[in-house]
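The block underneath contains the structure these notes are about, expressed in C-alpha cells.
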Amino acid sequence: MDMNVDTKTANRRAPLAAKQLVWLRFKNTILVSICLISSACLSRISLPTTDPALTLLNSVAVDVSTMTRQVSEVQQASYPRFSEPNVTDPALLSKISVIDYVGSPTRLLQELATRIGYTYIQLGSQTGQYSEQPMPFTTTVSVRARQQSVINIVREIAAQVGNGIVVSVSESQQELRLEFL
C-alpha cells in the first residue's frame, strides 16, 4: 500500500478514496491516542514501600539505645558524684581534632599516652589478682569526639569501662593507668 498519496489527486480520481484516506488517518489518530493514554495510565509512579524487617530492626535499635541509656543513668545514680580534679598539664589539655574509636580501652589509652608523652600502665587483671602479665581485656569502649581535650577523652573511657576497673591519670608521674580492683 502506497502511503505517499496526494489528496488532491485522490479527490479528483475518486471521492470515495479521499473519504477512506480521511477515515484511515482518523483511525490511526485514535489508535495512537489510545496507546498514549493507556501507557500513561500504566506508568504511574509507585510509592516506595517500607520493608517490615527494616522497620522492626529500627525499632529494636531505638529500644536498645533507650535501655542502655537508662541502665547507665541507674548505675550513675548508685554512685556518689565527685568533682573532677583540675588538670594543669598542657599535654592533658591538648586537643585531639577527631577520634572515632570502637575497641579495647587498653589500646586507646596506650595511643593517648604515646601522643602526649605519658606512660601507660595496666595494673592487675580481670580476676582481681596483681600480676606481671595481665589477662586480655575484653571490654569495648566507643569514643567519637571532635576537638576534645585528652583528659575529656580519658574521662569518657573511664565512664565506659564499668565497675571494678579504674582509669586514672597521674600528672606528677606522667602516667595513664588502667587498674583492675
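Basically this note's numbering = 1-based index in the sequence shown + 49. Cβ atoms here follow ideal geometry from the backbone N, Cα and C, with glycine treated the same way. Values in this document were obtained by computation on a predicted structure and should not be read as measured data.
Just to confirm the assignment, what range does the alpha helix (DSSP H) spanning residue i have?
| i | result |
| --- | --- |
| Val16 | Past the edges of the chain, shown from 50 to 230, lies residue 16, and the structure says nothing about it. |
| Thr188 | Taken as a continuous stretch (DSSP letters only), Thr188 belongs to no alpha helix (DSSP H), as it is neither H nor E. |
| Thr168 | Run containing Thr168: none in the alpha helix (DSSP H); it sits in the beta strand (DSSP E), Thr168 to Leu172. |
| Thr163 | Pro154 to Ile165 |
In the DSSP assignment, find the unbroken beta strand (DSSP E) run with residue i in it and report its ends.
| i | result |
| --- | --- |
| Glu224 | Glu224 to Phe229 |
Output the distance between the C-alpha atoms of residue i and residue j, rounded to the nearest integer angstrom.
| i | j | result |
| --- | --- | --- |
| Leu157 | Asn135 | 22 Å |
| Gln196 | Gln209 | 20 Å |
| Val192 | Leu172 | 23 Å |
| Pro154 | Thr189 | 7 Å |
| Leu85 | Phe75 | 15 Å |
| Gln119 | Val151 | 21 Å |
| Thr115 | Ile83 | 57 Å |
| Val216 | Thr117 | 21 Å |
| Lys17 | Gln222 | Outside the shown range of the chain, which is 50 to 230, sits residue 17, and nothing can be said about it. |
| Val71 | Asp100 | 54 Å |
| Leu230 | Ile214 | 6 Å |
| Val111 | Ser146 | 29 Å |
| Leu73 | Leu80 | 11 Å |
| Leu227 | Leu106 | 36 Å |
Near residue i, what residues of its chain come up, given a Cβ to Cβ distance below 8 Å and the 5 sequence neighbours on each side ignored?
| i | result |
| --- | --- |
| Lys68 | none |
| Glu220 | Val136, Thr137, Asp138 and Leu141 |
| Thr78 | none |
| Val113 | none |
Less than 7 Å between C-beta atoms, sequence neighbours within five positions excluded: which residues of the same chain meet that for residue i?
| i | result |
| --- | --- |
| Thr225 | Before going further, note that residue 225 is Leu rather than Thr in the sequence given. Excluding positions up to five away in sequence, the list reads Leu158, Leu161, Ala162, Tyr167, Tyr169, Val203 and Val218. |
| Gly211 | Thr188 |
| Ile165 | Ala140, Leu141, Ser143 and Val199 |
Give me the DSSP bridge partner(s) of residue i.
| i | result |
| --- | --- |
| Ser217 | Arg226 |
| Lys68 | DSSP output for Lys68 lists no bridge partner at all. |
| Arg74 | Answer by DSSP bridge pairing: none, since Arg74 is not bridged. |
| Ile145 | Gln197 |
| Val151 | Ser191 |
Contact defined as beta carbons within less than 8 Å: I believe residue i pairs with residue j. What is the distance between those atoms, to the nearest angstrom?
| i | j | result |
| --- | --- | --- |
| Ser108 | Leu142 | Rounded, the Cβ-Cβ distance is 42 Å, inconsistent with contact. |
| Ala194 | Ile148 | 5 Å |
Using a Cβ-Cβ cutoff of less than 6 Å, which residues in the same chain neighbour residue i once the five nearest sequence positions on both sides are dropped?
| i | result |
| --- | --- |
| Ile200 | Val136 and Leu141 |
| Glu205 | Val192 |
| Gln178 | Because Gln178 carries a pLDDT of 49, less than 50, the predicted location of this residue cannot be relied on, and the following value inherits that uncertainty. Answer for Gln178: no residue qualifies. |
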